[in-house]
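Protein chains in written order, with the numbering used here: chain F, 1 to 286; chain V, 1 to 344. Report on the following structure.
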Amino acid sequence: MHGRKMWRLALVYLFVIFWSFIVLFPFFWLITTSFKTPIAVARGPLYLPFIDFAPTGEHWEYLFTSQRDTVLRHFRNSLIVALGSTLLAVVLGAMAGYGLSRFRYHWRLTGWRNDGIAFWIISNRFLPPAAFVVPFLILYTTAGLIDTHIGLIIAYTMFNVPFAVWIMRDFFNGLPIDLEESARVDGATRWQAFTRIVLPLSTPGIVAVSIFSFIFSWNEFLYALMLTNYDAITLPVLIAGQNTNRGIEWWFISALTLVAVMPVVLIGLFLERFITRGLMAGAVKG
Amino acid sequence: MAARIVPYTTESSQPKREVNVDQTAAPSGPVGPTRQRRGSLEDRIMKQAFLLPAVILLIALVIFPLLWSLGISFTDIQRGGAARAGPGLLGLGFDLTGGNYARLLRDQRLHIATFNTVFFVFVGVTIQYALGLFLAMVLDQPFKGRNVARVIFLLPMMTTPVAVGYLGRMFFDPARSPIADLLRRVPAMFGAGPIAVPWLTNPDYARWTIVLIESWQWTPFMTLLLLAGLQTIPSQLYEAARVDGATALQVFRSIIFPLLLPISVTAILIRGLEIFKIIDIIVVSTGGGPGSSTESLTMYVFRTALTFGNYGYAAAIAFVLLVLIVVFTTIFLTVARMITLRVN
């Protein structure tokens, strides 16, 4: 029996290490490639720095000197758009989630009550962006929103709000209402009870919503490609654009990709707990 | 989809939680104080004030564009009004036409894009579910370093899809990639020549390669959800099964599969719906090529609208995708319900 257990544990470690390798090796490759000379890249797969090839910092230097303004500009675009739509999604999501958790609605037109409304809201998240390409192009061109931060923020908020409502509603359902009620007995308005008592207690839910909204907006490609052309271009579009300029410079792209991926990977590393929880709230209750 | 798993209780165990958890079973969700104070004017105003901003946003940005888009799909609207002979319908510069939908039927490129999209969804979901379930069962075992492993497994999900596309392109390079290297060295050990696989240059291979790249990124999603599901299965069940002398296969069939069914349905549905929208990975890894043989529907819509400026036809293709998604969801949920009924 003991031997069987050992075997089992050994197998578990084998699979875990194997999959960890599959996951981590591409990141290793990205990092080493960003330190390879073009000749080293062309010579075929070279694995170990200092042994297989002599690392060079020239691409990173290039990125942070002559390309600095470009990279910074697009990094800032990504940041503004992601933070802006995250903020909007949290505010709208918390409000609607609270409403759905504490009031009884009944929309006569559709016959939906709270569950029906919540289901309609989350279903918006799964509509294909392709269905919005044409109306958004026409609408944004007419309204002068093409290539602006605010334009992208609005578009991303539309995708972030459904998930935010879903998670926040689930979170509020788990909060005891006694605290709010006693605050209201003490003369607080409903809005005060919401902002001073409920919201501070909801930090984990808000963090989860913020992470999801931020990552979605940071990584989004289709809308960014469609609705920007110069000023508001975000990092994914910048990276995808490297495809055509002067052939593919893998070494430079690797460095650029690392810059783009770094913030979200760090979020993943340090806030994994919230991500798993948010996913569960979002998915399990489906 | 009545999943009764309680996520937060595992850690922050809030005693009140269970009260509202089973929303699907209760006739209507909330147990708010409104029941007592229905009359208060403040409450009636706040009730609408909380929900309406989000609802108005969704109506303005989802319902309205969708209806408008449906209208556009029946016109010949081009980008910038395009050059056309007459003034069009009522002098608006376009004509009403069913031509876009007629064109759908004979458009070879659209048929290929549709096939590709369905291929990505079915093959992708299958691979990701099978692998995800296996990894979840591995992670469900007690071992040291489990939390570290969970964080590592999560990383691809965070990565920008465009970056994942580039990674795919680097790794499936026919000459200078580690995979090509592996396919050279391993056969060499047996005295054979290198195995050359046209990963991204042959359409039949490229479809699979795209699915592999997508699966590298999204298998963790399945793993995390299924792992959370596995962790809610009480260990007594496993022990009871062992006492009864059940084989591993029997344990899987009579405990793991039925108890994991609700979350499996949700996870597969979410992944399926997401893959229907695939574009970024394809744009970067194959560019839809060779030719347009690995294009997805989303990509074709995008090209029709932006590259060719044919708004009317792009809108019509988008509705094909939308109908496909609705059909897929309906069939999938019906089948899932049938399986659930049979299992219980």
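Each residue gets a CB set at the ideal place from its N, CA and C atoms; glycine is no exception. Because the structure is a prediction, the values reported are computed rather than measured.
Coarse secondary structure for R113 (chain F), derived from DSSP in three states: strand
Cβ pair I263 (chain V), I213 (chain V) closer than 7 angstroms: no
Is the region 246-260 of chain F in contact with the region 121-134 of chain V, if contact means three or more CB pairs nearer than 8 angstroms? Contact fails: fewer than three Cβ-Cβ distances are below 8 angstroms.
Consult DSSP for T276 (chain F) and reduce its assignment to one of helix, strand or coil. helix
Please list the partners that F252 (chain F) has in chain V, where partner means a Cβ-to-Cβ separation under 8 angstroms. Those within 8 angstroms of F252 (chain F) in chain V number zero; the least Cβ separation is about 11 angstroms.
Quick one: what does DSSP say F35 (chain F) is sitting in, helix, strand or coil? coil
Count the other CB atoms, across all protein chains shown, that sit within 10 Å of the CB of V283 (chain V); report buried if there are 16 or more and exposed otherwise. The Cβ neighbour count for V283 (chain V), taken over all protein chains shown within 10 Å, is at least 16; the residue is labelled buried.
Nearest to P200 (chain F) (by Cα), restricted to the options F:F28, F:I51, F:E180, F:M262: F:E180
Could you check whether P194 (chain V) and T293 (chain V) sit closer than 7 angstroms to each other, using their CB atoms as the reference points? Note that residue 293 (chain V) corresponds to Ser in the displayed sequence, not to Thr. Result no, Cβ atoms of S293 (chain V) and P194 (chain V) do not sit closer than 7 angstroms.
By DSSP's criteria, P49 (chain F) is part of a beta bridge. Which residues make up the other side? F:F53
Opening and closing residue of the alpha helix (DSSP H) in which P53 (chain V) lies: Per DSSP, P53 (chain V) belongs to the alpha helix (DSSP H) from 41-58.
Does the region 108-122 of chain F touch the region 179-195 of chain F, meaning 3 or more C-beta pairs lie closer than 8 angstroms? no
First through last residue of the alpha helix (DSSP H) which encompasses N173 (chain F): 149-173
Can you find the residues in the same chain that come closer than 6 angstroms, C-beta to C-beta, to A26 (chain V), ignoring five residues on each side of it along the sequence? With a pLDDT of 39 at A26 (chain V), under the threshold of 50, the modelled position of this residue cannot be trusted, and the question is left open.
The alpha helix (DSSP H) that contains G132 (chain V), what's its start and end? 108-139
With 16 as the cutoff for other CB atoms within 10 Å, does D170 (chain F) come out buried or exposed? buried
Taking S202 (chain F) as the reference, which of F:S217, F:A224, F:P176 has the closest Cα? F:P176
Could you tell me whether the region 158-174 of chain V touches the region 215-228 of chain V, where touching means 3 or more Cβ pairs closer than 8 angstroms? yes
With 7 angstroms as the threshold, decide whether the Cβ of N77 (chain F) is near any Cβ in chain V. no
Assign R196 (chain F) to buried or exposed, taking buried as 16 or more other Cβ atoms, counted over all protein chains shown, within 10 Å of its Cβ. exposed
Could you tell me which chain F residues have their CB closer than 9 angstroms to the CB of F153 (chain V), listed as they occur along the chain? V16, W19, S20, V23
Chain V partners of G44 (chain F), CB-CB under 9 angstroms? One finds A175, R176, S177, A180, D181 in chain V with Cβ atoms closer than 9 angstroms to the Cβ of G44 (chain F), taken in chain order.
Under the three-state reduction of DSSP, which class applies to W107 (chain F): helix, strand or coil? strand
Indicate the three-state DSSP secondary structure (helix, strand or coil) for L212 (chain V) in the structure shown. Residue state, collapsed to three classes: helix.
By how many angstroms is the C-alpha of F274 (chain F) removed from the C-alpha of S213 (chain F)? Straight-line Cα distance between these residues: approximately 13 angstroms.
Under the DSSP definition of a beta bridge, which residues are partnered with L96 (chain V)? Looking at the DSSP assignment, L96 (chain V) forms a beta bridge with V:T75.
In the region 257-283 of chain V, which residues sit with their C-beta less than 9 angstroms from some C-beta in chain F, listed in chain order? P262, I263, V265, T266, A267, L269, I270, L273, E274, F276, K277, I279, D280, V283
Buried versus exposed, by CB contacts within 10 Å (16 or more), I77 (chain V): It counts as buried.
In chain F, which residues lie with their C-beta within 8 angstroms of the C-beta of Q141 (chain V)? R8, L9, V12
Nearest-angstrom Cα separation, counted from L58 (chain V) out to R37 (chain V): In this predicted model, R37 (chain V) has a pLDDT of only 48, less than 50, meaning its place in the structure is not dependable enough to derive any value.
On the premise that L226 (chain V) lies in contact with L154 (chain V), defined as a C-beta separation below 8 angstroms, what is that separation, rounded to the nearest angstrom? That pair is no contact at about 14 angstroms.
Can you name the residues of chain V whose CB is closer than 7 angstroms to the CB of G99 (chain F)? Correct list: K47, F50, L51.
I72 (chain V) at chain F interface by Cβ criterion, 7 angstroms: yes
I'd like the ranges of any alpha helix (DSSP H) spanning at least 4 consecutive residues and lying wholly in the region 146-212 of chain V. 146-158, 161-171, 178-189
Can you name, in chain order, every residue of its own chain whose Cβ lies under 8 angstroms from the Cβ of G116 (chain F), other than the five neighbours on each side? Within the same chain, Cβ atoms closer than 8 angstroms to the Cβ of G116 (chain F) are found at W107, T110, the five residues on either side in sequence being excluded.
Roughly how far, in whole angstroms, is the beta-carbon of L227 (chain F) from the beta-carbon of A155 (chain F), given that I think they are within contact range, below 8 angstroms? Indeed, because the Cβ distance is near 6 angstroms, the residues count as touching under 8 angstroms.
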